[in-house]
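Residue numbers (the numbering used here): 181 to 902.
Backbone N, C-alpha and C fix where the C-beta goes; we use that ideal spot for every residue, glycine too.
The structure appears right after this line, and notes come after that.
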């Protein structure tokens, strides 16, 4: 195409509000300078304890200033991408590349097969030529129950895919669609019959799961069930590979005669004496197996709980990959990750609204966002370790049809070795090729490694979310999930892959700095614990840590705190949140940093010293009815025993005692009440804010009579006895 006639497939635009953000950031920086001046000029000269407490407070404040600087740098010049899928269709309709879609699951008890089926069906129904779609399910649980659910999905897809096209279904997950949609006025009978077929399929799957075995009459229906005659356990079995729908077969059509996407089930080989590398190993096995069967140049990976919510997501991503000028340098396109089970006020702050809608757009402007593990489109060559070269160009005509010519049965047998335990021995898989091994956050380290090879990444957040997942519905699930993330991020920072060092001369300095706020999340716990504990203890001991209320030095403290939080609230509301949602976000900010992050820091150090090993915990996607009821009612769930709850309860009680101590001084010492407020006003305010944040903890400790309240009370007794 001639340069003069070049029309881009996507447009890059500046995020609104940059000038306001920069002005507020500059004013906060000025306030920080005055706070530093105060700490230096008014350093206590008498009392050894007072000096050390002052130094600790100063270091904590310096840490928060440094962390604020890192986050500000990453957001200084935010951009967003606007794709034009009409131009894509006009220019490349006959040259659209094959798309390989990876769905990963690990345990049928934690990740129900009915949920996995909905995710698989949702990506099968993309608005994209079905003959160019290949869906691969990696079942790390090696469960015949999941395999049976996939057989049901393969059969139902013959009805579901034409139904989606006819009624323009959004989202394309049957469960999500039928939960919210109402029957149309025209052709209601067809709509109701498909809904009935789905409900019957779901009932069969759940009945089989409840039975916990495959009935004999079902086992006889497919040869694949014979593989489980040789399975010793989910940790000790051979490779199981079954092509359930062969998209190349002329007989693989839906009820209207249209071709179906390819559908493949894979349970890679597991042996006790071999490390399987968790999700990273699963993804690498899928990369190798898919390269023989379909070899799509673009790979999409999604978690089994994150269904497709936008049927045009594939075409949106291709607008970036296939752009003639800028597309060839893109390694992956990360979509915003959202959740469909959030409460109105997001009781556990699981949406990461500001991070995903504002912060990641900042990374997009300085080299690209990090790879977040799900909802990400990859260029196969980049994911397989290829370095970017300036003259690199893709001929989409040559890569548009690269599927194998062999029969399905032949591919099933020959591809098994690619998913064996020993295939990766003496290779660069897990080091330079595929996802990187040895880290809890294999996605982050893999994305960084790709960027350091010269590739760029981009971020997409279309008006309709590309993917919707399942957020944790209990406090413990949330804390455990954050602990795993923070443990992994800190592990990256303390390894040879530290972005500041590993990315030197490979990626821009701003991008290296932008990785650091996430890598150092766990380290926040030390400064946060100090700010939560020491001002309260000093209030009880009569030690002042802040300027007097009448002093002009109180202004920078008040200004920085107020403006920073007020702007935070404004951003949260602008991103679609509520005021109560923002309050819950602040609460979880405190809960995470004083419990989950602390344990993540401790565990990371233990691993570095050789006292513990890498362990991947899958977040549960199911919960009992009582817990779900409390979640829907936005009541924090303390109904479990955990050391993290001990910390939360102890800190909550400490701040409550601090407030009582301050009130005692004000009420009993009538002559000195004004002096107390004058001297300790900011400390009392800080304790009051912390007590307000901890109100749900006090409610669970003293006022709730359910099992949750009893567990919380038990935590308090345990912490006090220790």
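Using a Cβ distance threshold of 7 angstroms, residue 719 and residue 838 count as a contacting pair.
If you draw a straight line from the Cα of residue 575 to the Cα of residue 269, it comes to about 17 angstroms.
Leaving aside the five residues that flank residue 623 on each side, the residues in its chain whose CB is nearer than 7 angstroms to its CB run, in chain order, 551, 552, 553.
For residue 736, the closest alpha carbon among the candidates 201, 219, 194 is that of 219. Listed in chain order, the non-local C-beta contacts of residue 548 below 7 angstroms within the same chain comprise 631, 636, 637, 638, local neighbours out to five positions each way being set aside. DSSP, read as helix, strand or coil, puts residue 443 in strand. A distance of 7 angstroms or more separates the beta carbons of residue 772 and residue 605. Going by C-alpha positions, residue 697 is about 37 angstroms away from residue 187.
With at least 16 other beta carbons inside 10 angstroms of its own, residue 496 counts as buried.
If you look at residue 259, you'll find it in the beta strand (DSSP E) that goes 259 to 263.
Three or more beta-carbon pairs separated by less than 8 angstroms are not found between the stretch 753 to 772 and the stretch 680 to 690, which leaves the two stretches without contact. DSSP places residue 337 in the helix class (H, G or I) of the three-state scheme. Exclusion of the five residues before and after residue 817 leaves 654, 655, 807, 810 as the residues of its chain whose Cβ lies within less than 6 angstroms of its Cβ. In the structure shown, residue 204 adopts helical secondary structure according to DSSP, grouped into three states. A Cβ-Cβ contact shorter than 7 angstroms links residue 280 with residue 470.
In the DSSP assignment, residue 558 falls within the beta strand (DSSP E) that extends over 556 to 559.
Out of 815, 746, 873, 660, the CA that lies nearest to the CA of residue 822 is found in 660. Counting only residues of its own chain and dropping the five nearest sequence neighbours on each side, residue 612 has a CB closer than 6 angstroms to the CB of 565. With fewer than 16 other CB atoms across the displayed protein chains lying within 10 angstroms of its CB, residue 239 is exposed. In the DSSP secondary-structure assignment, residue 836 is not bridged to any residue. Comparing alpha carbon positions, the residue from 730, 315, 628 closest to residue 475 is 315. Taken through DSSP and simplified to helix, strand or coil, residue 324 comes out as helix.
Taking all protein chains shown into account, residue 232 has fewer than 16 neighbouring C-beta atoms within 10 Å of its C-beta and is therefore exposed.
Contact annotation: residue 617 and residue 744 have beta-carbon atoms that are not nearer than 7 angstroms.
The stretch 358 to 377 makes no contact with the stretch 297 to 312; the number of CB pairs closer than 8 angstroms stays below 3. For the pair residue 642 and residue 428, the Cα-to-Cα distance works out to about 32 angstroms. Three or more pairs of CB atoms, one per stretch, sit closer than 8 angstroms, so the stretch 692 to 706 contacts the stretch 665 to 673. The alpha-carbon of residue 229 is positioned some 21 angstroms away from that of residue 243.
By the neighbour-count criterion, in which a residue is buried when 16 or more other Cβ atoms sit within 10 angstroms of its Cβ, residue 505 is exposed. With fewer than 16 other Cβ atoms from the protein chains shown falling within 10 Å of its own Cβ, residue 203 counts as exposed.
Nearest in C-alpha terms to residue 763, of all of 870, 784, 687, 694, is 870.
Considered as a whole, the stretch 726 to 802 harbours 734 to 754, 759 to 771, 777 to 788 as its complete alpha helix (DSSP H) runs of no fewer than 4 residues, in chain order.
The secondary-structure analysis by DSSP pairs residue 284 across a beta bridge with 318, 483.
Taking a C-beta distance under 7 angstroms as the contact criterion, residue 732 and residue 725 do not qualify as a contact pair.
Going by beta carbons, residue 339 and residue 313 fall outside the 7 angstroms limit.
Boundaries for residue 502: no beta strand (DSSP E) harbours it, and the DSSP string shows neither H nor E there.
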